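What follows is a single structure, written as structure tokens, with notes after it.
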């Protein structure tokens, strides 16, 4: 009994602010009559959706070396060219767009005019997340590592021995989640004040694997304001509630795997997914998160 009580207390402490202890079904976020809408197509491979302060969504077309912007009117324009196979994107608290440039092994920022500044070089990278204090975590699949860049632009390894892909923070920024390309699991880490990662765990339940096999194909992630986690996979957009239980899977808008996901729109209540040569959106009963600066 004492052990059960201790576990219950630990789980309660881990939950993001505002999260309830009950299971949350995927049906709780879906809106009747609202399905996926095709927003953009004709690209080679789309990735890295990221939302700016106005709710506009940016995404990469990796092979074509471009970053595109989806306006609030759904009009798509080119934001940047010659982007050196930029993959993961996210806006930081400084209003800059952070990106993983695989082509020239850099982590960079893009300003509103697409001017590039390097914040780390000589690195392999796939996806990243920018914390409210400006610190950056990024995944390094070839090296099996997660790196951290602090506010002084000093980089260091904070996790090893993984096959990392996507990366995201909980709404309270106290826990980092990493998808693993080799296993149907999601790794969680406690985030320390200096950016270090501790307490590696499998907080979330196992990912669904398609009946056809081939692994889950877990890739990019996002979170909503109550702590639900959304993971792009071959099976669809899998949603986990704040207790770590699988709440269900939102069906894919097309037959292939989903690459990445973010919340966008003026009120951050629309999911955007990149999928092969296309980008889709879907209105939901959930609100995305902007990471606040620590007080």
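In this note's numbering, the protein residues as written are 2 to 296. Idealized CB from N, CA, C, for every residue including glycine. In this text, all values refer to a predicted model and were calculated from it rather than measured experimentally.
Exposure of residue i, with buried meaning 16 or more beta-carbon neighbours within 10 Å
i, result
"residue 282", "buried"
"residue 270", "buried"
"residue 162", "exposed"
"residue 22", "Residue confidence is low: residue 22 scores 42 on pLDDT, short of 50, so the model does not pin down where it sits. Its coordinate-derived value is still stated next. Residue 22 comes out exposed."
"residue 289", "buried"
"residue 1", "The first residue shown for the chain is 2 and the last is 296, placing residue 1 beyond what the model contains."
"residue 108", "buried"
"residue 256", "exposed"
"residue 261", "buried"
"residue 157", "exposed"
"residue 102", "buried"
Beta-carbon proximity of residue i to residue j, cut-off 8 Å
i, j, result
"residue 176", "residue 191", "yes"
"residue 30", "residue 280", "no"
"residue 185", "residue 216", "yes"
"residue 168", "residue 141", "no"
"residue 124", "residue 170", "no"
"residue 50", "residue 58", "yes"
"residue 253", "residue 228", "no"
"residue 132", "residue 273", "no"
"residue 182", "residue 164", "yes"
Expected contact under 8 Å - CB spacing of residue i and residue j to nearest Å
i, j, result
"residue 80", "residue 115", "6 Å"
"residue 250", "residue 27", "7 Å"
"residue 40", "residue 71", "6 Å"
Three-state secondary structure (DSSP) of residue i
i, result
"residue 224", "strand"
"residue 117", "strand"
"residue 320", "The structure shown does not extend to residue 320, since the chain is modelled only from 2 through 296, so no value can be given for it."
"residue 241", "strand"
"residue 191", "strand"
"residue 84", "coil"
"residue 123", "coil"
"residue 171", "coil"
"residue 281", "strand"
"residue 159", "strand"
"residue 268", "coil"
"residue 102", "strand"
Any chain B beta carbon closer than 8 Å to residue i
i, result
"residue 88", "Chain labels in this structure do not include chain B; a single protein chain is all it has."
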